[in-house]
Amino acid sequence: MSQQVKVPFADLHAQYLTIKEDLDAAIAEVIKTSAFIRGPFVNAFEKEFATAIGASHCVSCANGTDALYIAMRALGVKPGDEVITSAHSWIATSETVTQAGGSVVFCDTDTDTFTIDPALIEHKITPRTVGIIPVHLYGQSADMGAIMKIAARRGLWVLEDCAQAHLARCGDKTAGTYGSAAAFSFYPGKNLGAMGDAGAIITSDEVLAERMTMFARHGGLKKGDHRIEGINSRLDGLQAAVLSVKLKRLESWTAERKRLAGVYDRELSGLEDLEIPVAAPGRGHVYHLYVIRHPRREELKRFLAERGIETVINYPVALPFLPAYARMGARTEDFPNAYRHQSMVLSLPIFPEMTEVQQGLVIDAVKTFCKG
Ligand SMILES: *Cc1c(COP(=O)(O)O)cnc(C)c1O
């Protein structure tokens, strides 16, 4: 069954080749100036990224997981505090609540968008609830209008997990500008990816920005002046230089992802038993992943693999049902949508450099499977 890969799930090398000259030059410049830690490349990227999202501050850090953790420490999460987040996400979203000292409270997603269902959030709020972490999963923003209303009414902070949603629009704003802060990942495969680990937090709250900066830099803003105990979480100069080069292309890459998603939508809609992604009105989708649902998901995945098409399951087990959360004793009926989706979701290849031939192979194979 070792079939040659005809359509990879993503192709970072193809992307590198499109910007090789600029990237190589940027990397050489960092090496020439030895600006490996902090310095001009990191400062420049922080400014550029804050502007791209539409916020006043960007605090760069080592990865997206740290971004969530740092934000929560700066927001003051302490033992006993409850934080509500989506049952359907990557474990970084929830494990950082625990790391920050709080208690995770999972909330189910809605029936179609894989994002937290605002109608269920209020039932999860207790006197100990301090905040909500909506996840803009797969690139589609959560229902921020509804979530911000609940947060305002109940006096809760909102931390957006934007790891999969760079430049996603929601209403008339960019995802990441609704909450007190937003955590981004620049893991290589994300829509804006470094050549290694990297992350950032965006905020327009100056006090919070300073607290996050301080915590991420050993508790001090000036050398030798440690006000608190912090951690060491920084973005490398090399990664910052790479990200600055890539950020210039992000808008056109995002447009290409949307175009490819449109082709999939058109070609794959109406097939028996297959559900294409639901793009809710007014909720931007930047298609970090193109996730279909099929009741015979495993069979479909195998069928595509036999034809050289790579797919991924994001994620095979919803967070409440992971062994890591066995202590909570979640029952499948507590999170019916997350439970239903974990056995149905399948992410098809989608990346800006994907060729028409590659996408055609995927479309034909999925159609053949569904009609067979
Ligand atoms: C990738 C990701 C993270 C964590 O980012 P890293 O850079 O890998 O630490 C957090 N949340 C979600 C939803 C992610 O997809």
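Residue numbers (our numbering): 2 to 373. From the three backbone atoms N, C-alpha and C, an ideal C-beta is built for every residue, glycine too. Treat the numbers as computed from the prediction; the structure is a model and nothing was measured.
Coarse secondary structure for residue i, derived from DSSP in three states
i, result
"His385", "Examination of residue 385 is not possible in this model, given that the chain is present from 2 through 373 alone."
"Tyr70", "helix"
"Val279", "coil"
"Ala29", "helix"
"Glu354", "coil"
"Val60", "strand"
"Arg228", "coil"
"Phe107", "strand"
"Lys273", "Note on residue identity: the sequence assigns Glu, not Lys, to residue 273. Three-state DSSP puts Glu273 in coil, outside helix and strand."
"Gly221", "strand"
"Ile117", "strand"
"Leu347", "strand"
"Thr333", "helix"
"Val43", "helix"
"Val8", "strand"
Beta bridge counterpart(s) of residue i as assigned by DSSP
i, result
"Asp162", "Val136, Ala184"
"Cys171", "Lys174, Arg284"
"Thr130", "Glu83"
"Asn233", "Arg218"
"Gln141", "His286"
"Ala38", "In the sequence under discussion, the amino acid at residue 38 is Ile, which differs from the Ala named in the question. DSSP lists Asp237 as partners of Ile38."
Buried versus exposed, by CB contacts within 10 Å (16 or more), residue i
i, result
"Ile85", "buried"
"Gln4", "exposed"
"Arg260", "exposed"
"Lys223", "exposed"
"Leu290", "buried"
"Asn192", "buried"
"Pro282", "exposed"
"Ile395", "In the structure as shown, the chain starts at 2 and stops at 373, and residue 395 therefore has no counterpart that could be examined."
"Arg267", "exposed"
"Arg328", "exposed"
"Ser90", "buried"
"Asp144", "buried"
"Leu320", "buried"
"Glu207", "exposed"
"Glu47", "buried"
"Leu64", "For the sequence presented, residue 64 should be read as Asn rather than Leu. Looking at its Cβ environment, which holds 16 or more other Cβ atoms inside 10 Å, Asn64 is buried."
Endpoints, beta strand (DSSP E) assigned at residue i
i, result
"Gly55", "Premise fails: Gly55 is in no beta strand (DSSP E) and is neither H nor E."
"Lys191", "Counting along the chain, Lys191 falls outside any beta strand (DSSP E), and DSSP gives it neither H nor E."
"Ile202", "200 to 204"
"Arg294", "291 to 294"
"Thr86", "83 to 87"
For residue i, the first and last residue of its enclosing alpha helix (DSSP H)
i, result
"Ser245", "238 to 269"
"Arg308", "Per DSSP, Arg308 belongs to no alpha helix (DSSP H) and is neither H nor E."
"Gly146", "145 to 155"
"Ala1", "A question about residue 1 goes unanswered here, because the residues of the chain that appear run from 2 up to 373."
"Val98", "93 to 100"
### Task
Evaluate contact between the region 344 to 355 and the region 231 to 245, counting only Cβ atoms and requiring at least three cross-stretch pairs below 8 Å.
no
### Query
Is it true that the region 298 to 312 meets the region 156 to 176, where meeting means three or more beta-carbon pairs spaced less than 8 Å apart?
no
### Task
Indicate whether the contact test is met: 3 or more Cβ pairs, each with one atom in the region 322 to 337 and one in the region 98 to 113, closer than 8 Å.
yes
### Message
Count Cβ pairs between the region 193 to 201 and the region 93 to 101 that sit closer than 8 Å; are there 3 or more?
### Response
no
### Message
Tell me whether the region 166 to 181 and the region 284 to 302 touch, counting them as touching only if at least three CB pairs, one residue from each stretch, are closer than 8 Å.
### Response
yes
### Message
Between the region 365 to 372 and the region 295 to 308, can you find at least three pairs of beta-carbon atoms closer than 8 Å?
### Response
yes
### Task
Check whether the region 42 to 60 touches the region 231 to 242, taking contact to mean three or more Cβ pairs, one atom from each stretch, closer than 8 Å.
yes
### Message
Three or more C-beta pairs under 8 Å: does that hold for the region 68 to 88 against the region 247 to 258?
### Response
no
### Stretch-stretch touch, CB-based, cutoff 8 Å, three pairs: the region 144 to 156 with the region 11 to 30
no
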